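I have placed the structure first, in the form of structure tokens, so that the comments after it can refer back to it.
In the working numbering, the protein residues as written are 45 to 324.
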């Protein structure tokens, strides 16, 4: 202890400064501990069980930054009996829901969860849409739009966002339309596979699968309106996949909804969250 203190003195660290630092550190630890105990008393029994981190305050935040979605998978595997759990980061709460039935219940709880605002705001940031474009998405260019009315009330509630979601549910949901799209994708993949014997060059398996599935999906979705030459360029394919990877990473970390109690909530559904709630 004395040698360490002498070494600190060699670096011109005064005793008062050391004392002040220790007092501040002890005070912060005591303050956070008191707030944490008070918080637990106020919320005990009203939220999912808490999963604590080995590193106080910053542990979960570091885990999300490093592991992204994989961090929640790790926690869920560690606590398989939890249908949902709470992560505390400073004064905020992150609720992770793993049970599909609870996720659907959260979708129906429109008074507590503001999904629509999240979708609109995230679309603006993710796709860099200007204000004129956002007015179209929100239905504000419709003659019947009421600025004082409910959100997305233009076009009698059939704004671009709502109409786009309706079409996605109609054509990408289970049924004949989705079957036709799948047939189109498989047909395009089959055509590409049949041409493999005509090419003796070595290819990257990952890049080949990436390009093949992208082109096949594009041809099936757009049909006669497929952009064709634009999509087939290497630069476009690389840019598209980079965009999707970064977008997925961003949404994995920023998929937060604000509740009436000003808590932050993140719903993680092992892939089920790609289905938007019916009111969008």
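Every residue, glycine too, gets a C-beta built ideally from N, C-alpha and C.
From a predicted model like this one, the values you see are computed outputs, not experimental measurements.
Count the other CB atoms, across all protein chains shown, that sit within 10 Å of the CB of residue 210; report buried if there are 16 or more and exposed otherwise.
The count along the chain shown starts at 1 and reaches residue 210 at position 166. Counting C-beta atoms within 10 angstroms of its own C-beta, residue 210 has fewer than 16 neighbours from the protein chains shown and is therefore classed as exposed.
If you follow the beta strand (DSSP E) that residue 136 is part of, which residue opens it and which one closes it?
The residue you call residue 136 lines up with position 92 of the chain shown. It spans 136 to 141 - the beta strand (DSSP E) in which residue 136 sits, taken as one unbroken run.
Can you name the residues that DSSP bridges to residue 132?
Here residue 132 corresponds to residue number 88 of the chain shown, with the count starting at 1. The partner list for residue 132 (beta bridge, DSSP) reads 137.
Sub-7 Å separation of residue 229 and residue 261 beta-carbons:
Position 185 of the chain shown holds residue 229. Position 217 of the chain shown holds residue 261. Taking the C-beta atoms as reference points, residue 261 is found nearer than 7 Å to residue 229.
In angstroms, rounded to a whole number, what distance separates the CA positions of residue 110 and residue 116?
The residue given as residue 110 occupies position 66 in the chain shown. The residue given as residue 116 occupies position 72 in the chain shown. Answer to the nearest angstrom: the Cα atoms are 11 Å apart.
Identify the residues that DSSP records as bridge partners of residue 94: which are they?
In the chain shown, residue 94 corresponds to position 50, counting from 1. 130, per the DSSP bridge assignment.
Coil, strand or helix - residue 185 by DSSP:
Working through the chain shown from its first residue, we reach residue 185 at position 141. Reduced to three states, the DSSP call for residue 185 is coil.
Would you mind stating whether residue 95 and residue 129 have Cβ atoms separated by less than 7 Å?
Here residue 95 refers to the residue found at position 51 of the chain shown. Here residue 129 refers to the residue found at position 85 of the chain shown. Closer than 7 Å, so yes.
Since residue 143 and residue 127 should fall inside the 8 Å C-beta cutoff, what is the C-beta to C-beta distance between them, to a whole number of angstroms?
If you number the chain shown from 1, residue 143 lands on position 99. If you number the chain shown from 1, residue 127 lands on position 83. About 4 Å separates the two Cβ atoms, so the contact holds.
Please return the same chain residues whose Cβ sits closer than 6 Å to the Cβ of residue 103, not counting the five positions on each side in sequence.
Numbered from 1 along the chain shown, position 59 holds the residue referred to as residue 103. Taken in chain order, the residues that qualify are 97.
Per DSSP, what kind of secondary structure is residue 262 in: helix, strand or coil?
Here residue 262 is taken as the residue at index 218 of the chain shown, counted from 1. Helix, per DSSP.
Bounding residues of the alpha helix (DSSP H) (the contiguous stretch that carries residue 235)
Start at 1 with the first residue of the chain shown, and residue 235 comes out as number 191. Per DSSP, residue 235 belongs to the alpha helix (DSSP H) from 220 to 238.
Whole angstroms are fine: how far does the CA of residue 227 sit from the CA of residue 175?
On the chain shown, residue 175 is found 131 positions in, with the first residue counted as 1. On the chain shown, residue 227 is found 183 positions in, with the first residue counted as 1. Those two C-alpha atoms are separated by around 38 Å.
Of the choices 254, 269 and 265, whose alpha-carbon is the least far from that of residue 283?
Counting from one through the chain shown, the residue named residue 283 turns up at place 239. The shortest C-alpha to C-alpha distance from residue 283 to any of 254, 269 and 265 is the one to 254.
If you count every other CB in all the chains shown that lies within 10 Å of the CB of residue 149, and 16 or more means buried, which is it?
The sequence position of residue 149 within the chain shown is 105, counting from 1. Residue environment: residue 149 is assigned as exposed (fewer than 16 neighbouring CB atoms within 10 Å of its CB, all protein chains considered).
Measuring CB to CB, does residue 281 end up less than 7 Å from residue 258?
Position 237 of the chain shown, counted from the first residue, corresponds to residue 281. Position 214 of the chain shown, counted from the first residue, corresponds to residue 258. Closer than 7 Å, so yes.
Is the beta carbon of residue 181 sitting closer than 7 Å to the one on residue 204?
Here residue 181 corresponds to residue number 137 of the chain shown, with the count starting at 1. Here residue 204 corresponds to residue number 160 of the chain shown, with the count starting at 1. Closer than 7 Å, so yes.
Using C-beta distances below 6 Å, list every residue in its chain close to residue 91, excluding the 5 sequence neighbours before and after it, in chain order.
Mapped onto the chain shown, residue 91 falls at position 47. So the list reads 130, once near-sequence residues are dropped.
Applying the criterion that 16 or more other CB atoms from any shown protein chain within 10 Å of the CB defines a buried residue, is residue 247 buried or exposed?
As a first step, residue 247 must be located in the chain shown, where it is residue number 203. Per the 10 Å Cβ criterion, exposed.
Just how far apart, CA to CA, sit residue 106 and residue 232?
In the chain shown, counting from the first residue as 1, residue 106 sits at position 62. In the chain shown, counting from the first residue as 1, residue 232 sits at position 188. Rounded to the nearest angstrom, the two C-alpha atoms are 43 Å apart.
Count the other CB atoms, across all protein chains shown, that sit within 10 Å of the CB of residue 138; report buried if there are 16 or more and exposed otherwise.
Stepping through the chain shown from its first residue, residue 138 is reached at position 94. Counting Cβ neighbours within 10 Å, residue 138 comes out buried, since at least 16 surround it.
Contact check, residue 185 vs residue 192 under 8 Å by CB: the rounded distance?
Within the chain shown, residue 185 is the residue found at index 141, counting from 1. Within the chain shown, residue 192 is the residue found at index 148, counting from 1. No, residue 185 and residue 192 are not in contact; Cβ-Cβ is about 17 Å, not under 8 Å.
So the alpha helix (DSSP H) residue 106 belongs to, where does it begin and stop?
For the purposes of this step, residue 106 is taken as residue 62 along the chain shown, with counting starting at 1. Note, residue 106: alpha helix (DSSP H), 103 to 111.
Anticipated Cβ contact below 8 Å, residue 256 with residue 286, distance rounded:
The residue labelled residue 256 in the question sits at position 212 within the chain shown. The residue labelled residue 286 in the question sits at position 242 within the chain shown. Contact flag wrong, Cβ pair sits at about 18 Å.
Which of the three DSSP states is assigned to residue 208 in this structure?
Taking the chain shown and counting its residues from 1, one reaches residue 208 at position 164. Under the three-state reduction of DSSP output, residue 208 falls in the helix class.
Residue burial classification, residue 263 (beta-carbon count within 10 angstroms, cutoff 16):
Within the chain shown, residue 263 is the residue found at index 219, counting from 1. By the neighbour-count rule (16 or more Cβ atoms within 10 Å), residue 263 is buried.
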